[in-house]
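Asker: According to this note's numbering, the sequence shown is numbered sequentially starting from 11. Quick one: structure below, then a few questions.
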Amino acid sequence: MQAVIWKFDWQRYLLIAVPVYLVEGLLAGVGLKILLKFAEFTYEIPEESITEAFWNGARLQMVMISTTGFGVFLYLFSKFKDTQPAIPYFVLILGGALLAQFVTVPMIFVEDFPLTIKLPLPHDFDALLTIYMILFCAMLAIVDVIEQVMSNAAIEKIDPLKRKTNSNNSLLAIWIANMGSSFFHGMTNLDGLAKSTTNKLAGAMTKFSVLIVGSVVCFFTFNVHFLEYMPKFSLAAIMMFTGYKMIAGLVHVSHYGPYALVLAFLTAGLVYQVGIFEGLLIAMAVHGIAHYMFYTKHENMSGGAVVKRYLDNLKKDSSSNLN
Numbered sequence: 011m012q013a014v015i016w017k018f019d020w021q022r023y024l025l026i027a028v029p030v031y032l033v034e035g036l037l038a039g040v041g042l043k044i045l046l047k048f049a050e051f052t053y054e055i056p057e058e059s060i061t062e063a064f065w066n067g068a069r070l071q072m073v074m075i076s077t078t079g080f081g082v083f084l085y086l087f088s089k090f091k092d093t094q095p096a097i098p099y100f101v102l103i104l105g106g107a108l109l110a111q112f113v114t115v116p117m118i119f120v121e122d123f124p125l126t127i128k129l130p131l132p133h134d135f136d137a138l139l140t141i142y143m144i145l146f147c148a149m150l151a152i153v154d155v156i157e158q159v160m161s162n163a164a165i166e167k168i169d170p171l172k173r174k175t176n177s178n179n180s181l182l183a184i185w186i187a188n189m190g191s192s193f194f195h196g197m198t199n200l201d202g203l204a205k206s207t208t209n210k211l212a213g214a215m216t217k218f219s220v221l222i223v224g225s226v227v228c229f230f231t232f233n234v235h236f237l238e239y240m241p242k243f244s245l246a247a248i249m250m251f252t253g254y255k256m257i258a259g260l261v262h263v264s265h266y267g268p269y270a271l272v273l274a275f276l277t278a279g280l281v282y283q284v285g286i287f288e289g290l291l292i293a294m295a296v297h298g299i300a301h302y303m304f305y306t307k308h309e310n311m312s313g314g315a316v317v318k319r320y321l322d323n324l325k326k327d328s329s330s331n332l333n
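Set out below in structure tokens:
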């Protein structure tokens, strides 16, 4: 299903239909999720240090360590962001790993599962199960496509070189990846905004950085025990900073006027609360209803004329993009 969408380049209609300020809101919503999720790591303590009282010596020590680490990271980032922006990341990770040798802090842990190849098919086939399978495949394919296209649009906003992404190439890549991973009990996946934002903040600007990221992920896939050398507070500082930068993009929306700003904040809240796919659909529905009411009331257009105007603009924009 993703291959069909890729083959006929149907994803281009999404880029035309979704306004830029909705994309900024989407980016902010994802950033807020990242920031709040990883903030929990800044005060997490080892199980043996947990007491009936939430605030104890171990938790206060953890908060102080996290605050100091985050402060050092911000200072180094402000000092080297224009020359060597990767330095604060290396200092935080290596410094955290060194500190963990002397102080007991929560470490990252990923359970190691063996990789086994198996056909991605149910054990027992019946008509009802087959229908469910096809429907769920369609849902996942559509969700992946929408999230991938919207992620690409958001990534364009944070790219320091202002390059245009080829969403159709991305759809081909996630189709191949999703088909391949399903033979290893994998689930559907797509490019991540957090990785692209971190890449940008760390000074990585070329496609070679993607190869480096892939190599690192591949290494830790087969050597998950090495992750246990990294404290959670180090990862939290990096991801909280990344989340903040994604939220800060809402400042740019103010140039589009109060309507765009309100809708961007609404989109951010919806994406945070219900997810990228559902949040974006609701925001699009609100945007469509608002436009429908405006043109029918203030421009004295009929409902059919409003819909026809929108479809004509969509077709015109699509044709100009193809040309």
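Cβ coordinates follow ideal geometry from the N, Cα and C atoms, glycine included.
1) Going straight from the alpha carbon of P130 to that of L139, what length do you get?
2) Say whether the stretch 45-57 touches the stretch 71-79, bearing in mind that this needs 3 or more beta-carbon pairs closer than 8 Å, one atom from each stretch.
3) Quick check: what's the CA-CA separation for W65 versus P124?
4) Which same chain residues end up closer than 7 Å to K43 when comparing Cβ atoms and leaving out the 5 residues on each side of it in sequence?
5) Out of curiosity, what's the CA-to-CA distance linking A63 and K17?
6) Rounding to the nearest angstrom, what Cα-Cα distance links I186 and L150 in this structure?
7) Determine the contact status of L338 and G41, defining contact as a CB-CB distance below 8 Å.
8) Enumerate in chain order the residues of its own chain whose CB-to-CB distance from T208 is below 6 Å, with the five nearest sequence positions on each side excluded.
9) Which residues share a DSSP beta bridge with P268?
10) By how many angstroms is the C-alpha of L211 removed from the C-alpha of K172?
11) So who's on the other strand from P170, going by DSSP bridges?
12) Using CA atoms only, rank isn't needed, just tell me which of G314, M250, I286, E238 is closest to L32.
13) Could you check what DSSP says for P56 in three-state terms: helix, strand or coil?
14) According to DSSP, what are the bridge partners of M117?
15) On the premise that A148 lies in contact with M11, defined as a C-beta separation below 8 Å, what is that separation, rounded to the nearest angstrom?
16) Closest to P116 by C-alpha separation, out of V227, S59, A96, A258, would be which residue?
17) Quick check: the stretch 92-112 against the stretch 218-235, are at least 3 beta-carbon pairs closer than 8 Å?
18) Check whether the stretch 260-276 and the stretch 102-122 are in contact - that is, three or more C-beta pairs closer than 8 Å.
19) Whose C-beta lies closer than 7 Å to the C-beta of K167 among residues of the same chain, with five residues either side of it excluded?
20) When you compare the CB of L171 with every CB in chain C, is at least one pair closer than 8 Å?
21) Assuming the contact rule is C-beta atoms closer than 8 Å, S277 and G289 should be a hit. Round their C-beta distance to whole Å, please.
22) Only counting runs of 4 or more residues, tell me where the alpha helix (DSSP H) segments fall wholly within the stretch 12-82, in order along the chain.
23) Suppose the cutoff is 6 Å on Cβ atoms and the five residues either side in sequence are ignored; what does the same chain contact list for S264 look like?
24) If you drop the 5 nearest sequence neighbours on each side, which residues of the same chain put their C-beta closer than 6 Å to that of D19?
25) Quick check: L86 and M250, are their CB atoms within less than 8 Å of each other?
26) Whose C-alpha, out of I299, Y99, N199, L108, is nearest the C-alpha of A214?
27) Quick check on DSSP: helix, strand or coil for P98?
28) To which residues of the same chain is A246 closer than 6 Å at the C-beta, ignoring the five residues directly before and after it?
29) Contact check, G279 vs G39 under 8 Å by CB: the rounded distance?
30) Using the C-alpha atoms, what's the distance from M311 back to D154?
31) Roughly how many whole angstroms lie between the Cα atoms of N233 and Y302?
32) CA-CA distance, L84 and K255?
33) Using a Cβ-Cβ cutoff of less than 8 Å, which residues in the same chain neighbour Y239 once the five nearest sequence positions on both sides are dropped?
34) Measure the alpha-carbon distance for T354 versus E157 and round it to whole angstroms.
35) With respect to the alpha helix (DSSP H) encompassing A187, which residues constitute its N-terminal and C-terminal limits?
Answerer: Taking the geometry as given:
1) 14 Å
2) yes
3) 39 Å
4) Y282
5) 59 Å
6) 14 Å
7) Nothing about residue 338 can be reported from this structure: the residues present for the chain run from 11 to 333 only.
8) T252
9) Partner(s): none; P268 has no beta bridge.
10) 14 Å
11) In DSSP, P170 forms no bridge with anything.
12) I286
13) coil
14) P241
15) 6 Å
16) S59
17) no
18) no
19) V33, E34, L37, G259
20) Protein chain content of the structure displayed is limited to a single chain, and chain C is not contained in it.
21) Here the sequence assigns Thr to residue 277, which means Ser is not the residue at that position. Indeed they touch by this definition, with Cβ atoms about 6 Å apart.
22) 12-17, 22-27, 30-49
23) L271
24) N178
25) no
26) Y99
27) helix
28) F48, F51, T52
29) 7 Å
30) 36 Å
31) 55 Å
32) 12 Å
33) A107, A110, M117
34) Because the chain here runs from 11 to 333, residue 354 falls outside it and cannot be looked at.
35) 177-191
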